[in-house]
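J.:
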Amino acid sequence: MSDGHEHNGHEHVPSRQRRRFPGISSRTYEHPADRSALVALRRLSGFDTVFKALSGLLPERSLRLLFLSDSVRVSDQQFAHLNVMLRDACYILDLEKVPPMYVNQDPQPNAMCIGLDEPIIVVTTGLVELLDEEEMRAVVGHEVGHALSGHSVYRTILLFLTSLAVRVAWIPLGNLAIMAIVTGLREWFRKSELSADRAGLLVGQDLQASMRGLMKIAGGNHLHEMNVDAFLAQAEEYEAGGDLRDSVLKILNVLPRSHPFTTVRAAELKKWAESRDYQRIMDGHYPQRDEDKDTSVRDSWRESANHYSTHVKSSKDPLMKLVTDLAGGAGDLGDRVRRGFGGFTGPPPKPQGPESGPSDPSGDDRPPRDGS
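The opening residue of the sequence shown carries number 410 in our numbering; numbering runs sequentially from there.
Shown next as structure tokens:
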């Protein structure tokens with residue numbers, strides 16, 4: 410448990426006792442999809458070249474000066490309650506150097522962790538005004554999780570490339586090349602948000618506060634009008650509802666976003682909080698940071714692949730069902746295709762006996778060909 414003493418320059422002043430995780434590795438809370446998406450991103454053609462070039466060109470000093478001059482830096486004198494939360498989060502996750510935090514005037518609730526050499530955390534006034542203390546604590550832990558995982562580097566490049574893509578939109582090939590990398594970065598960042606949500610829960614250690622925060626981000630400061638179970642039911646309906654057309658629309662809707670949909674994030678976090686993995690972490694059993702260098706990339710990739718395999722098999726999404734059917738060689742697949750998109754929303758048709766007539770509504774008595 411936290412002991413209230415100083416450690417690595419952090420003065421720990423918690424409102425209640427929370428478990429601390431000395432030497433915790435970011436691998437402890439990183440979502441398998443986060444790691445696999447980052448591996449896929451690094452394999453994207455041209456990514457290494459762009460990354461190396463931008464690492465030397467991005468005006469990080471200018472970025473820091475901008476926040477220093479036009480935002481409020483959190484300290485013992487300014488937004489002191491946020492400063493306590495920040496030091497508390499760094500203490501719990503054992504992040505040795507406390508990153509600077511700034512409050513930026515913006516009515517849109519948001520927070521981010523950026524920076525190439527060292528991370529900077531920025532929260533908007535809209536977020537500070539929206540969340541209560543425990544909800545905000547989870548958000549601060551979320552951003553500290555980004556810092557511990559080293560996500561700030563890729564987030565900074567994503568922000569820069571998004572801006573650059575707008576400036577060079579008139580250059581067809583140049584824009585296509587940049588947007589390919591931006592799309593890859595967005596896919597990774599959406600997955601990294603799931604990892605950071607877990608870090609926020611490890612810091613706040615209050616699942617209900619994490620849920621309330623996500624609900625407020627989705628529906629505003631009207632908790633008396635909202636219900637956690639109904640909110641989570643939306644995620645279930647979103648995943649399982651519709652047909653193949655809706656599956657395609659879901660993909661198109663999420664592509665331009667940097668964050669997953671809030672109902673999906675809430676469902677993912679609740680599932681993890683109820684898992685054995687989370688309980689083991691809370692009992693003090695978790696990967697250590699000093700073991701990171703010995704971690705096998707192949708093992709991480711295998712874990713990610715197993716996660717995706719399990720996700721596809723258990724998913725209720727029509728497109729994922731189709732993938733499962735294709736992998737399993739479903740015998741009714743041809744008939745589902747003939748019946749159109751709606752054929753993937755319900756159960757396969759019952760087999761008909763000889764007395765039932767031809768199965769093909771066209772009246773063609775010829776047997777169907779394989780693969781139709």
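Heads up, the beta-carbon is just placed ideally off N, CA and C, and yes, glycines get one too. Since the structure is predicted, the reported quantities are computational estimates derived from the model, not experimental observations.
If the criterion is Cβ atoms closer than 7 Å, does the pair V562 and V512 meet it?
T.: Contact flag unset, no.
J.: What are the boundary residues of the alpha helix (DSSP H) that V483 is part of?
T.: No alpha helix (DSSP H) contains V483, which DSSP labels as neither H nor E.
J.: For N636, which three-state DSSP category applies?
T.: Looking at N636 - three-state DSSP - the assignment turns out to be coil, as it is neither helix nor strand.
J.: Could you check if R564 is buried or exposed, using at least 16 other CB atoms within 10 Å of its CB as the buried criterion?
T.: Answer is buried; the Cβ neighbour count reaches 16.
J.: Within the same chain, show all residues whose beta-carbon is closer than 7 Å to that of T671, passing over the 5 residues directly before and after it, in chain order.
T.: Counting only Cβ-Cβ distances below 7 Å, and skipping sequence neighbours, we find L623, I626 and A627.
J.: Is the separation between the beta-carbon of A644 and that of A676 shorter than 7 Å?
T.: Closer than 7 Å, so yes.
J.: Could you compute how far the alpha carbon of E538 sits from the alpha carbon of I590?
T.: In a straight line, the C-alpha of E538 is about 35 Å away from that of I590.
J.: CB-CB under 6 Å to M494, same chain, minus the five flanking residues each way: which ones, in chain order?
T.: Excluding positions up to five away in sequence, the list reads R546 and V549.
J.: Under three-state DSSP, which class holds V532?
T.: Note: V532 maps to strand in three-state DSSP.
J.: Would you mind sorting L474 into buried or exposed? The rule is 16 or more other CB atoms within 10 Å of its CB.
T.: Looking at its Cβ environment, which holds fewer than 16 other Cβ atoms inside 10 Å, L474 is exposed.
J.: Keeping to the same chain, check which residues put their C-beta closer than 7 Å to that of W681; ignore five residues upstream and five downstream.
T.: Correct list, in chain order: R607 and Y687.
J.: Which value, in whole angstroms, describes the spacing of the CA atoms of V507 and T437?
T.: Spanning the two alpha carbons is a distance of roughly 20 Å.
J.: Roughly how many angstroms lie between the CA atoms of H631 and S435, to the nearest whole one?
T.: Near 34 Å, if we compare the C-alpha coordinates of S435 and H631.
J.: Helix, strand or coil for Y511? Go by DSSP, reduced to three states.
T.: Three-state result, Y511: strand.
J.: Who does I523 pair with in a DSSP beta bridge?
T.: For I523, which the question treats as bridged, DSSP gives the partners I529.
J.: In whole angstroms, give me the CA-to-CA distance for P442 and K600.
T.: Sequence check: residue 442 is Ala here, not Pro. The straight-line gap from Cα to Cα measures roughly 6 Å.
J.: For D692, does the count of other Cβ atoms within 10 angstroms reach 16, so buried, or fall short, so exposed?
T.: By the neighbour-count rule (16 or more Cβ atoms within 10 Å), D692 is not buried but exposed.
J.: Quick check on G554: buried or exposed, where buried means 16 or more other Cβ atoms within 10 Å of its Cβ?
T.: The residue in question, G554, is buried, as its Cβ has 16 or more Cβ neighbours within 10 Å.
J.: If distances are taken between C-alpha atoms only, which option among G609, S445, A446 and Q514 comes closest to D479?
T.: Closest by alpha carbon: Q514.
J.: Among all the DSSP beta bridges, which residues are the ones paired with Q697?
T.: In the DSSP output, where bridge partners are listed per residue, Q697 has I433.
J.: What is the DSSP secondary structure of F569, counted as helix, strand or coil?
T.: In this structure, F569 counts as helix in the three-state DSSP scheme.
J.: Drop a sphere of 10 angstroms on the beta-carbon of G593, count the other beta-carbons inside from all chains shown, and report buried for 16 or more, exposed for fewer.
T.: Buried is the call here.
J.: Compute the distance between the beta-carbons of G609 and H551, then report whether it is under 7 Å.
T.: Going by C-beta atoms, G609 is nearer than 7 Å to H551.
J.: Taking buried to mean at least 16 other C-beta atoms within 10 Å of its own C-beta, is N636 buried or exposed?
T.: Classification of N636: exposed, given that the 10 Å Cβ count is below 16.
J.: For the alpha helix (DSSP H) that H490 lies in, which residues bound it at each end?
T.: Where H490 is concerned, the enclosing alpha helix (DSSP H) stretches over A489 to I501.
J.: If you reduce the DSSP assignment to three classes, tell me which class Q614 lands in.
T.: Note: Q614 maps to coil in three-state DSSP.
J.: Within the continuous alpha helix (DSSP H) that includes D686, where are the two ends?
T.: Run containing D686: R685 to M691, per the alpha helix (DSSP H) assignment.
J.: Closer than 6 Å by C-beta to V531: which residues in its own chain qualify, once you throw out the five before and the five after it? Chain order, please.
T.: So the list reads Y511, N513 and M521, once near-sequence residues are dropped.
J.: Could you compute how far the alpha carbon of G524 sits from the alpha carbon of V483?
T.: Whole-angstrom Cα-Cα distance: 17 Å.
J.: What does the alpha-carbon distance come out to for the pair R427 and I501?
T.: Approximately 8 Å, taken between the alpha carbons.
J.: Give me the Cα-Cα distance between L557 and A489, rounded to the nearest whole angstrom.
T.: Rounded to whole angstroms, L557 to A489 spans 23 Å at the Cα level.
J.: Among the candidates E543, E544, D526 and P518, whose CA atom is the shortest distance from the CA of L536?
T.: Residue P518 is the option with its Cα nearest to L536.
J.: Going by Cα to Cα distance, which pick from E634, P516, D526 and R429 is closest to R496?
T.: Taking only the C-alpha atoms, the option nearest R496 is R429.
J.: Please identify the residue among P528, D503, Q617 and Q486 whose C-alpha is closest to the C-alpha of E542.
T.: The candidate whose alpha carbon is nearest that of E542 is Q617.
J.: Figure out for me which residue from D615, E544 and H694 has the closest Cα to the Cα of K679.
T.: Cα-wise, what sits closest to K679 is D615.
J.: Taking Cβ positions, are P509 and I529 nearer each other than 7 Å?
T.: Contact: yes.
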